[in-house]
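Chains as they are written, first to last, in the working numbering: chain X, 4 to 248; chain H, 660 to 1089.
Have a look at the structure below, then the notes.
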């Protein structure tokens, strides 16, 4: 569904992505793991049109989308949930969802938008309970759910998730990942996920890529990466086991 | 048609190219970081792995030989620390130092997947009883088959090679349905059945997978008609897992290379130039999924032709023609690889100097026979008959022990053979 071929990206003169090639198949959940500064977020931002591609091509459903602006990619079905839960704090949960659904409104009108919002509130009942509350007053986990719900309001075929567990308590992380897995199955979504919490992410993934200083070093099935001693030592960490068990 | 992993085995070529590019880039990045040999090699040609943007660029990289691997004895070609290696094997080739091959847990899982594709592809299911009559030892062959058969859920008899009369009884009593062996052992089993007056028609055998030595269509016909089975070829080499690298599907029109794990090239052995499909040359393999022991452009020494045309079985992975010849002086006889260097060293050890000799291979009564003809010079010729006999017996014992089976010795007059032709292979496979 998504294919990156020799993608190079720069911050000024610094080459951040070095001939990155990867793919995510239809309905697959793929995790990109790596240390801070490996280029994970840049990869995601490059896919969703927020960061320019210097060389290489990006294909989505066999269409060359290299250099397409972010808003066109949203229309095409790629939704990006950025790091740090970028929601509109002074607006209510409901209004945030409305904003997320601007494409639904544009193409199908208000009635459809309302039905989509209702569906989203069913999917995340806690948001239903807080629909009139200012988004800024939600807990961290609730804000993350709102950010995902906003992205889903655009009716995407592919979801790009950047560190959905960041700053959240272990219990909440578990809940968020369970919901992502459910979403993926129920909505036949294709998901590309980047996570510091690699173990939790790989547990719900089909495959994973290991990235280091802008290069892909390893591509394997998620189970194999979870069992890989090198990956375990470098990215999974002993504390993760304690958190989960 | 049965597939073990239809999604991969029948993957469209475009996706397969993407998978190969990703695998190659990741492998090159990893070997550059973790293996000194490759780092040095790449620096010498001013190549940074991150600059590789197409599969064709692989051709710019130097070829890797068995001697390179041997020089890095024992662990210097490993791309992971030894503590992550769960299995060690060595190859049949014996240079100054052997080649040590390591497998991580994930390599073992991938190997099981590859041999399972081979076995499932020819029809093996969990209902089958698989008799593995390959020698279990330091070489990897039978272990890979065992992994694949167990992944399918079949019942495995790891009987090893030898004791053929006992084997046929087990074959009958255990209701073996799949035989895995060298063709020589298969023919030996047929002979053992005849000696025991056993009718192969009464067995439950359905399939046979044969490899580890060259065997032709005539041998296939003989095995198939006398054992009442479908016989297929499998190809692998210990440096690259072992079996599971390439294998014959039921169409039996060449062996499919598992292209999601390997990139295969066929080169002119003299110039190293990559040859187009259909032309005969040396098979070169690059691994794109191995963790512990990745190989970049490894020269197998085996001569074959590449076939990229679609196969009747529906698999999209390319095929290589059956392998009957080598481009070096390595002889594969009864599943054992041997070089003139090795034989020369043994002869020198026994007599104090290396004589002129020639290794002659013939196929007699369906069995490969190795005869070493030695020029009878003063060192090798004694006036006293008793002394002479003892000397020849000593040579015979040493060589037979080295090969693991009977080797014939013949002392010949000078000029009987061309001393520069160390190997004379009289077997005809095609």
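Beta carbons: idealized from backbone N, C-alpha and C, even for Gly.
Would you grab the beta carbon distance between residue i and residue j for me? Rounded to a whole angstrom, and I think it's under 8 Å.
i             : j             : result
residue 10/X  : residue 59/X  : 4 Å
residue 835/H : residue 816/H : 7 Å
residue 943/H : residue 926/H : 5 Å
residue 711/H : residue 687/H : 6 Å
residue 868/H : residue 957/H : The Cβ separation is near 24 Å, so there is no contact.
residue 179/X : residue 168/X : 6 Å
residue 213/X : residue 42/X  : Wrong, their Cβ atoms sit about 12 Å apart, outside the cutoff.
residue 163/X : residue 143/X : Incorrect: roughly 20 Å between the Cβ atoms, too far for contact.
residue 907/H : residue 928/H : In fact, because the Cβ distance is near 24 Å, the residues do not count as touching under 8 Å.
Interface residues of chain H around residue i at Cβ under 7 Å?
i             : result
residue 21/X  : 709
residue 231/X : 765
residue 227/X : 765 and 768
residue 223/X : 765
Whose C-alpha, out of the options, is nearest the C-alpha of residue i?
i             : options                          : result
residue 851/H : 903/H, 830/H, 708/H and 1030/H   : 830/H
residue 257/X : 218/X, 190/X, 129/X and 86/X     : Absent from the model: residue 257/X. The displayed extent of chain X is 4 to 248, so no value can be given.
residue 154/X : 51/X, 114/X and 19/X             : 51/X
residue 757/H : 997/H, 978/H, 867/H and 767/H    : 997/H
residue 48/X  : 137/X, 91/X, 180/X and 69/X      : 69/X
residue 87/X  : 78/X, 147/X and 228/X            : 147/X
residue 208/X : 34/X, 21/X, 5/X and 4/X          : 34/X
residue 149/X : 135/X, 161/X and 160/X           : 135/X
residue 814/H : 825/H, 790/H, 822/H and 798/H    : 790/H
residue 667/H : 1079/H, 1080/H, 976/H and 1083/H : 976/H
residue 795/H : 827/H, 778/H, 766/H and 839/H    : 839/H
residue 738/H : 1034/H, 991/H, 952/H and 820/H   : 952/H
residue 922/H : 679/H, 884/H and 744/H           : 679/H
residue 685/H : 946/H, 991/H, 994/H and 964/H    : 946/H
Would you report the Cα separation of residue i and residue j, rounded to the nearest angstrom?
i              : j              : result
residue 847/H  : residue 805/H  : 22 Å
residue 16/X   : residue 235/X  : 33 Å
residue 691/H  : residue 708/H  : 7 Å
residue 13/X   : residue 19/X   : 5 Å
residue 1072/H : residue 1008/H : 22 Å
residue 950/H  : residue 220/X  : 11 Å
residue 970/H  : residue 913/H  : 9 Å
residue 759/H  : residue 1029/H : 27 Å
residue 40/X   : residue 989/H  : 50 Å
residue 896/H  : residue 197/X  : 38 Å
residue 981/H  : residue 662/H  : 21 Å
residue 793/H  : residue 740/H  : 30 Å
residue 121/X  : residue 139/X  : 21 Å
residue 90/X   : residue 809/H  : 52 Å
residue 1060/H : residue 780/H  : 38 Å
residue 24/X   : residue 986/H  : 36 Å
residue 159/X  : residue 108/X  : 15 Å
residue 127/X  : residue 44/X   : 26 Å
residue 1042/H : residue 1036/H : 12 Å
Just the chain X side, please: which residues come within less than 9 Å of residue i by C-beta, in chain order?
i             : result
residue 680/H : 8, 9 and 24
With H, G and I counted as helix, E and B as strand and the rest as coil, what does DSSP make of residue i?
i              : result
residue 803/H  : helix
residue 906/H  : strand
residue 964/H  : coil
residue 814/H  : strand
residue 1119/H : An answer regarding residue 1119/H cannot be provided, because it is not within the stretch 660 to 1089 covered by chain H.
residue 920/H  : coil
residue 1065/H : coil
residue 1088/H : coil
residue 1051/H : helix
residue 860/H  : helix
residue 1/X    : Coverage of chain X is limited to positions 4 through 248, which leaves residue 1/X absent and any answer about it impossible.
residue 60/X   : strand
residue 866/H  : strand
residue 1032/H : strand
residue 243/X  : Bear in mind that the predicted position of residue 243/X carries a pLDDT of just 44, short of 50, making it unreliable; the figure below should be weighed with that in mind. In this structure, residue 243/X counts as helix in the three-state DSSP scheme.
residue 248/X  : Legend: pLDDT at residue 248/X = 40, less than 50; position of this residue unreliable, no value from coordinates given.
residue 140/X  : helix
residue 938/H  : coil
residue 996/H  : strand
Mind pulling the chain H residues with CB within less than 8 Å of residue i?
i             : result
residue 219/X : 681, 684, 685 and 688
Can you name the residues of chain X whose CB is closer than 7 Å to the CB of residue i?
i             : result
residue 712/H : 9 and 22
residue 739/H : 233
residue 743/H : 232 and 233
Cβ closer than 8 Å: which chain X residues qualify as neighbours of residue i?
i             : result
residue 718/H : Correct list: empty, because the minimum Cβ distance to chain X is about 17 Å.
residue 677/H : 6, 8, 24 and 26
List, in chain order, every chain H residue whose beta-carbon is nearer than 9 Å to that of residue i.
i            : result
residue 31/X : Neighbours of residue 31/X on chain H: none; closest Cβ ~11 Å, over 9 Å.
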